[in-house]
Structure formats: structure tokens, C-alpha cells
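Protein chains in written order, with the working numbering: chain A, 25 to 429; chain B, 14 to 298.
Heads up, the beta-carbon is just placed ideally off N, CA and C, and yes, glycines get one too.
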């Protein structure tokens, strides 16, 4: 008995109990549908993260003050005072792979304009920071390098801050108060939305680092340096030279820990990617449990079917069906059931991810690999859970099967 | 030992030669039911030659079903040898036995055993499917087989749309489709009324007389066995009697004496009418 015959026979047997076949397939449909939807949503999220990271500039190298251990007490990141502007200048001058670098000092303070006030983060930096981060100005301009040298009270604000403090007015040229100091608003940054970690990047104020260091925080060191390499590869290649340069400058003996750390955008991208894939795999794993349950449903129905059709099996054997003919018949039936469920499930998954994409305006990425895996997996479920019932059918004794009531 | 008259010369096909179609050689069959062992067959030796029409008779528990299962290659003897067309099949593998059932044997059952929700034609096709015959040849042969039992016009009907007699004819057509050497019938008339039973016997007699098909039939009805040529009676797992049918009934002639279904219906109606009139008369004061 060839395969086409067996397949046609299976379709016929399944169509005899349409409701039962449909309900049995439901388990597989839900399983496959959920896996496809979850994976496509997860990959959409991954894409979003990648986009966000691209927006931060793929060549970026991030040098942050690390944890020192003065007298054995560990300080935590940003806790050491050794990272300076001189380190930054030495890095740019001494390492050809590094193109630009901007210092950064963070503060948090209350900001006031007329009767509005707001608490936000203030980053002290230099104009090149915006170039490295690929940020542009929406209105007005960025403060100048001279203003940085002079530690002038000027700033650039994000759109969230602009909206809250100025409520529709044009902020450029106006004076706001940060803490107790008046600052002139030179420009408004283009809206960047949320970053990878879900923070509002527009809820920020940028001022010359000198001003923030001396007048707001009262320190002489930096919290981090945002550098950019000449290319993405160079950013990774620059990690080694930067590390040895800074170790030398900070007089760290071999065997001692760094008091800073260097991260490239690729590292961050990889980390974010990993987090996302773990999430996707986890959700996909949970979804595939329902595939397993669907498989058990198939096994259950196939066992019922074998019992119900004992006489049919007896007749088939009497007219010349061999054990393997009978086994194949029931196995193909189970696989047809699960594969059809898989096909419908793929469709359901595609439709539901399209709906989710539309409703939540969240990009979903349909992965060919996920579809292929779902198809193969549903086939495998059919074979795995169909094998036992088929074996049971094949092992029936024709004599007893014919006598079965 | 069955007597030498078991295969009288007039029942031998001229082509059969010296090899009998079926040759059982001291067959024993013991069923192991755990604590007790049931000896179903205790040394059966018999021969069936080509062109014979044999009725296997005996009370339940006599071993007639067991011997049919062995003849049908559905079961293997515990001891002894079974030669089918001169080939020892008693120790063949399951796959080989399936092949023998498919090519050499045709089965007819008491319960018809047709696949429900499957057309008569497809039911008849079933053995050809397992013989690996192509779809066109399959339906051609099935149609031919249905024509032989006079049901060509019902090819598309499902078993539920057919009468018991018609279902049994479909089953016979199915048994014939692979052109077997032997037709094995297990109480083929057991579920049929007397007229339909005779109709089935007519088909079997025609197949036997005109086409030389060898038939072995289990029955417990004495009158049905009278349509065959030879009866073998079993008792306690042994052959008790093996004899030729002396006055063989011819189904075609018997049918002429029986009322047809319509006549029977008309007669019944008349009967009812008469009793009603009678009771009507009685009811009058």
C-alpha cells in the first residue's frame, strides 16, 4: 500500500469524525499558533532594541568610572574619582582608533521656569557628545566649546522638559533655574523617545560639564566618557588599548582590578540581544508545553480510534494487510492530524501576530525558521504520540479483532 | 483419518493433478489460558481438492472455528502441518501469511464485516489495495467482481443503504476480487432470512459449478449444508464424519418454490386483511 493511498485513507478516516478531529487538532493549533506569535513578537522586540542601539551610534565606546578599593572598601560603579578630562584627552590623542570623546557628569536637581517646576537629570558634557550620540537639535543650537571652557550657565533641554516647563512657549533664549542657578536655554533636542531600558531620553537637560562639575555637583572628576571609534570594528579593537592606557595613567599594578570599565556598543547590543532571546525562548518554551498537551490529545484520540475500529483492523488484516500496513495507516492518520493542526496553527500565529502588531503598534517579525520549526515539531509530535496507538493497532490479533464487538 | 471417499474422482478438477488444494496433516491446536490448556484440535487430517464445496459442521466447541482460522491463515497450528497448494504454510511468518490471505484466500463472514461509510465498490477494492494494484485496475476488478454477484448497479451505495443479502453479496465480491484459490465462508447465512440465505447459496453454487471455485463453508444449519457437495462434521476437536452430500439441493430450483419478497409481503398483507375481516365479523353482535 503506497503512501498516497495511506494518506487518502487517513483523510477519509479523519473526515468521518470532523468535530473530533477538529477538537483534537485544537491543541496543536493553539500550541503552534502561540509559539509563532510569541516568537514573532519577541523578534519584533529584539528589532526595536537593535534600532535603539543603532540610534545610540554603533561606534560608541563607553568608559565609565568603576569601583575602586581604597583601603579595601569597594565603592561601586562611578564611585572612584580617578577618571578625568585628561584621561579623555589622552585617549583621543593616544589611540588612533578613537575619533571623538565627550565627558559626562550626571546630576539631578529641581528645575524651575516661571510657575512650573520639574525634577530631572542634568548631564554635564561637551558639544561633541551630541555628535557621538547622533542627536540633533530641533530648535536653537548647542552650547559652544568656549562656553564649556568658561563654565557658562547655558543648557540644552529635551522635549519632555520643554513641554513641562514651557507649556507651548518657545524655550530658546529663555532662562530657567537649575537648583539656585539661572541657565539660558540655547536649544531643544529632537525627541528620541524611550531608550532600550525604557527610560524617557527626552526628560533630560544637558549643560557644559565644567558648569555641572563646579557649580552643581562640586567635583573635579568624570562619571563616564562617551567616545566614538572610527568604525564598529575599531570600537571593539579599541577596548584593549584604552584599558592599558588608563591602567598606566591610573598607575594600576598588574594583578589589581581596573578602576574603570570599558563597554562598546556591540557589547551592549549583545547583552540586550541575549536578554531578549532568553525571554523569547522562555515564552516560546511555555507555549510549546501546549504543543505537548496537544500531542497527548492526539494519542488519546488515536487510542480511542484504534479500539473503535478493532473490527475494521481485523477485516483489513484478513484481506491481506500486514502489521506494517496497519501501523502505517494509524501513524499517517496521527501525523496528518498533527500536521494539519500545525498548518492551521501557523496561520493562526501569523494572523494573531499581525493583529497584535496592529493593536499595539509593536513590530512583529515573522521568522521563517520559527515556521519551519513549528511544522517539523508538529510532525514530530504526530509521530511520537501516534506511534504507540499505531503499534497497538498493528499488534492486534486478526482473529480476535474480527470477533470484537 | 477421513476415509478415502473424502475426495471422490468426480469432484476432482481435471487440472488438479495429484496435489490437493488443502492438505492438513495431523493438526493440533492448544490454547494456553494460563491455568488451563484447551485442546481445540486433536489431530485433524484432511484434504480438500480443487473444485470442492465443503460444509464444515459441528456444535460450538467442536473445533470447527479453529480449523477455519487455521485454514484462513489467521492462526497457526500448535503441531502438524498445513499445505496450501502443496506449500507448507504452517510455519510462515506473519507477513507471509498476510500475503497468502491476500492472494490465495477469500473470506466471507457471518457479520459481513464491510467497512461502514465506505461505498460497496471501495469495500470490494480493499484486498486489491493491499495487493499493490493500481487505482484504475483496482476499480475495474472491483466492478467486475460486483457484476459477478449482480450488484453492479449498487456500486456507489454504502453498506447502510443495502439489505443484509446485498451486504453479504458485496462481501462475496470482496472475497473474489483477488481471484483466490479458496473461498472461506464462516456462517455466511447466519444473519439472513431463509430466502436470502438460499439466494446466497445460489451465488456460491454458481461460483463453484461454473467457475470451479473451491469453497469451504462453516455452518450449523443442516438445510444449508445440503447445498454443498461434502460435509465434514467436527466433534471434540476431531473429524467425526466426512461424507458426500447424497441429495444435493440446487438453490436455483429451490428459489422458484419460495415466494419472492414482494409476494411474501403481499401474502402477509392478505393474511392481515383476512384476520382483520374475521375479527371484524366476530366483533359484530
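Identify whether residue 359 (chain A) lies in helix, strand or coil by the three-state DSSP scheme.
One-based indexing of the first chain puts residue 359 (chain A) at position 335. Three-state DSSP puts residue 359 (chain A) in a helix.
On the premise that residue 170 (chain B) lies in contact with residue 130 (chain B), defined as a C-beta separation below 8 Å, what is that separation, rounded to the nearest angstrom?
As a working note, residue 130 (chain B) is residue 117 in the second chain. As a working note, residue 170 (chain B) is residue 157 in the second chain. About 11 Å separates the two Cβ atoms, so there is no contact after all.
Is residue 84 (chain A) helix, strand or coil by DSSP?
By 1-based counting over the first chain, the position of residue 84 (chain A) is 60. Three-state DSSP puts residue 84 (chain A) in a strand.
Once DSSP output is grouped into helix, strand and coil, what is the label at residue 242 (chain B)?
Within the second chain, numbered from 1, the residue matching residue 242 (chain B) stands at position 229. In this structure, residue 242 (chain B) counts as coil in the three-state DSSP scheme.
Quick test of your reading: residue 73 (chain A) and residue 300 (chain A), contact by CB under 8 Å. State the CB separation rounded to the nearest angstrom.
Within the first chain, numbered from 1, the residue matching residue 73 (chain A) stands at position 49. Within the first chain, numbered from 1, the residue matching residue 300 (chain A) stands at position 276. Yes, residue 73 (chain A) and residue 300 (chain A) are in contact; Cβ-Cβ is about 6 Å, under 8 Å.
Taking 8 Å as the CB-CB limit, is residue 44 (chain A) close to chain B?
Here residue 44 (chain A) corresponds to residue number 20 of the first chain, with the count starting at 1. So, not an interface residue.
When every heavy atom of the ligand MN is checked, does at least one fall within less than 7 Å of the C-beta of residue 29 (chain A)?
This structure does not include the ligand MN; it has no bound ligands of any sort.
For the alpha helix (DSSP H) containing residue 50 (chain B), name the first residue and the last one.
Stepping through the second chain from its first residue, residue 50 (chain B) is reached at position 37. It is not in any alpha helix (DSSP H) - residue 50 (chain B) instead sits in the beta strand (DSSP E) that spans 49 to 61.
Have a look at residue 137 (chain B) and residue 105 (chain B) and give me their C-alpha separation to the nearest angstrom.
What you label residue 137 (chain B) is simply residue 124 of the second chain in a count that begins at 1. What you label residue 105 (chain B) is simply residue 92 of the second chain in a count that begins at 1. Between residue 137 (chain B) and residue 105 (chain B), the C-alpha separation is close to 27 Å.
Hey, out of B:203, B:225 and B:142, whose CA is closest to residue 236 (chain B)'s CA?
As a first step, residue 236 (chain B) must be located in the second chain, where it is residue number 223. Minimum Cα distance to residue 236 (chain B) is reached at B:203.
I'd like the list of long-range same chain contacts for residue 19 (chain B), defined as Cβ closer than 6 Å, with 5 residues on each side in sequence excluded.
In the second chain, the residue the question calls residue 19 (chain B) occupies position 6. Per-residue confidence for residue 19 (chain B) stands at a pLDDT of 46, beneath the threshold of 50, marking its modelled position as unreliable; the derived number appears in the next sentence. Correct list, in chain order: 255.
Are three or more beta carbon pairs between the segment 134 to 154 of chain B and the segment 377 to 390 of chain A nearer than 8 Å?
no
When the cut-off is 8 Å and only beta carbons count, does residue 41 (chain A) lie next to chain B?
Counting from 1 along the first chain, the entry for residue 41 (chain A) is found at position 17. Not closer than 8 Å to any Cβ of chain B, the Cβ of residue 41 (chain A) fails to qualify, so no.
Can you find a C-beta in chain A that's less than 8 Å from the C-beta of residue 88 (chain B)?
Counted from its first residue, the second chain places residue 88 (chain B) at position 75. Chain A contact via Cβ: present.
With 8 Å as the C-beta to C-beta threshold (strictly closer), list the residues of the segment 100 to 115 of chain B near chain A in chain order.
107, 108, 111, 112, 114 and 115
Does the distance from the C-beta atom of residue 71 (chain A) to that of residue 422 (chain A) stay below 8 Å?
The residue you call residue 71 (chain A) lines up with position 47 of the first chain. The residue you call residue 422 (chain A) lines up with position 398 of the first chain. Result no, Cβ atoms of residue 71 (chain A) and residue 422 (chain A) do not sit closer than 8 Å.
Kindly list, in the order they appear in chain A, the residues whose Cβ is closer than 8 Å to that of residue 144 (chain B).
On the second chain, position 131 is the one that residue 144 (chain B) refers to. 344, listed in chain order.
Measure from the C-beta of residue 335 (chain A) to each C-beta in chain B and report whether the shortest distance is under 8 Å.
Counted from its first residue, the first chain places residue 335 (chain A) at position 311. Yes, contact with chain B.
For a test of the three-state rule: what should DSSP assign to residue 211 (chain B), helix, strand or coil?
Position 198 of the second chain, counted from the start, is the residue given in the question as residue 211 (chain B). Helix, per DSSP.
Start and end of the alpha helix (DSSP H) containing residue 154 (chain A)?
As a first step, residue 154 (chain A) must be located in the first chain, where it is residue number 130. Element bounds for residue 154 (chain A): 152 to 156.
Our contact map puts residue 57 (chain A) next to residue 373 (chain A) with C-beta atoms below 8 Å; I'd like the distance itself, whole angstroms only.
Within the first chain, the letter at position 33 stands for residue 57 (chain A). Within the first chain, the letter at position 349 stands for residue 373 (chain A). Correct: roughly 4 Å between the Cβ atoms.
Which residues mark the beginning and the end of the beta strand (DSSP E) in which residue 105 (chain B) is found?
Residue numbering aside, residue 105 (chain B) sits at position 92 when the second chain is read from its first letter. Careful: residue 105 (chain B) lies outside any beta strand (DSSP E) and carries neither H nor E.
Using the DSSP secondary-structure output, state which residues sit across from residue 179 (chain A) in a beta bridge.
In the first chain, residue 179 (chain A) corresponds to position 155, counting from 1. According to DSSP, which records beta bridges pairwise, residue 179 (chain A) is partnered with A:209.
Can you list, in chain order, the residues of its chain with a C-beta nearer than 6 Å to that of residue 168 (chain B)? Leave out the 5 residues immediately preceding and following it.
Along the second chain, read from residue 1 onward, the residue named residue 168 (chain B) stands at position 155. Contacts found: 133, 134 and 159.
Is the CB-CB distance between residue 78 (chain B) and residue 58 (chain B) below 8 Å?
Along the second chain, one-based indexing puts residue 78 (chain B) at 65. Along the second chain, one-based indexing puts residue 58 (chain B) at 45. In terms of Cβ geometry, residue 78 (chain B) and residue 58 (chain B) do not form a close pair [threshold 8 Å].
Since residue 126 (chain B) meets chain A, which of its residues come closer than 9 Å, beta carbon to beta carbon?
Counted from its first residue, the second chain places residue 126 (chain B) at position 113. Chain A residues near residue 126 (chain B): 335, 336, 338, 339, 342 and 426.
Where residue 72 (chain B) and residue 233 (chain B) are concerned, what is the direct C-alpha to C-alpha distance, given to the nearest angstrom?
Translated into the one-based positions of the second chain, residue 72 (chain B) becomes position 59. Translated into the one-based positions of the second chain, residue 233 (chain B) becomes position 220. If you take the alpha carbons of residue 72 (chain B) and residue 233 (chain B), they lie about 7 Å apart.
Following the continuous beta strand (DSSP E) through residue 97 (chain B), name the residue where it begins and the one where it ends.
The residue you call residue 97 (chain B) lines up with position 84 of the second chain. From DSSP, the beta strand (DSSP E) with residue 97 (chain B) extends over 92 to 97.
Please check if any C-beta of chain B sits within less than 8 Å of the C-beta of residue 423 (chain A).
One-based indexing of the first chain puts residue 423 (chain A) at position 399. For residue 423 (chain A), the answer is yes, since a Cβ of chain B falls inside 8 Å of its Cβ.
Under 8 Å Cβ-Cβ, which residues of chain A neighbour residue 82 (chain B)?
The residue given as residue 82 (chain B) occupies position 69 in the second chain. Chain A residues near residue 82 (chain B): 423.
According to DSSP, what are the bridge partners of residue 286 (chain A)?
The count along the first chain starts at 1 and reaches residue 286 (chain A) at position 262. DSSP lists A:87 as partners of residue 286 (chain A).
Does the beta-carbon of residue 200 (chain B) have 16 or more other beta-carbons within 10 angstroms, so that it is buried, or is it exposed?
Walking along the second chain from the start, residue 200 (chain B) turns up at place 187. By the neighbour-count rule (16 or more Cβ atoms within 10 Å), residue 200 (chain B) is buried.
State yes or no: is the C-beta of residue 430 (chain A) within less than 8 Å of the C-beta of residue 179 (chain A)?
Look at the range of chain A in this structure, 25 to 429, and you will see that residue 430 (chain A) is not part of it.
Is the shortest distance between the beta-carbon of residue 122 (chain B) and the beta-carbons of chain A less than 8 Å?
Here residue 122 (chain B) refers to the residue found at position 109 when the second chain is read from its first residue. Nearest CB-CB separation between residue 122 (chain B) and chain A: below the 8 Å threshold.
Compute the Euclidean distance between the alpha carbons of residue 283 (chain B) and residue 276 (chain B), then round it to the nearest angstrom.
As a working note, residue 283 (chain B) is residue 270 in the second chain. As a working note, residue 276 (chain B) is residue 263 in the second chain. About 10 Å.
Have a look at residue 295 (chain B) and residue 44 (chain A) and give me their C-alpha separation to the nearest angstrom.
Here residue 295 (chain B) refers to the residue found at position 282 of the second chain. Here residue 44 (chain A) refers to the residue found at position 20 of the first chain. With a pLDDT of 49 at residue 295 (chain B), under the threshold of 50, the predicted position of this residue should be treated as unreliable, and no value is reported.
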